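Below you'll find the structure, written out as structure tokens, and then a few comments.
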Ligand SMILES: [Zn+2]
Ligand SMILES: [Zn+2]
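Numbering (our numbering), first residue to last: 1 to 199.
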């Protein structure tokens, strides 16, 4: 039987190929499994799965697809945990370019998440001005709390606390700030003005 099916429309892309279907199903499976491995600190295995997902997605969806960007962001987060900052930056920048170019509102939130991840890379390198600048891109209405487990999105600048030590990182409140302090303190350029905020 000859197939004359109509192309199926996924968002803006018309592509009914088997590679497309594989990229969606396998890519999602690899990504979810890698996220589970991340939670138990098995970063090398997570990296391998993200790499497989990226290969499949680049082949089936393309290097500029919003679903490929999800894997670029995820492997970037993995490299942050592995302290491979150059690799993290490369993938996060790719993810950010795609997410910032997307017209969908939901991708703007994802772009903010990727900017926060990139800010962490700059923070770890000691480039706090660049971290601060990235975190403020969404100001005044669409910023994020910097604590990685915080679930608030589109936070107003006026509802965020700024770290008094480095003035380069923002939190929704003291709870998130103190939870992130163990991580952030290594990078925070402390000043006398910070004393009030560090408890
Ligand atoms: Zn928070
Ligand atoms: Zn700080």
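All residues carry an ideal CB built from backbone N, CA and C; glycine is no exception. Here the structure is a predicted model, which is why all the values come from computation and not from measurement.
| query | In three-state DSSP terms, what is residue 82? | reply | coil
| task | Run the CB neighbour count on residue 18, radius 10 Å, all protein chains shown included, and call it buried at 16 or more, exposed below. | result | exposed
| said: Please classify residue 177 as buried or exposed, where buried requires at least 16 other C-beta atoms within 10 Å of its C-beta. | reply: buried
| What's the C-alpha gap between residue 47 and residue 160? | 33 Å
| message | So for residue 161, helix, strand or coil by DSSP? | response | strand
| message | Judging by CA-CA distance, which residue of 65, 49, 124 is the nearest neighbour of residue 86? | response | 124
| request: Could you tell me if the beta carbon of residue 147 falls within a distance shorter than 6 Å of some heavy atom in ligand 1? | output: yes
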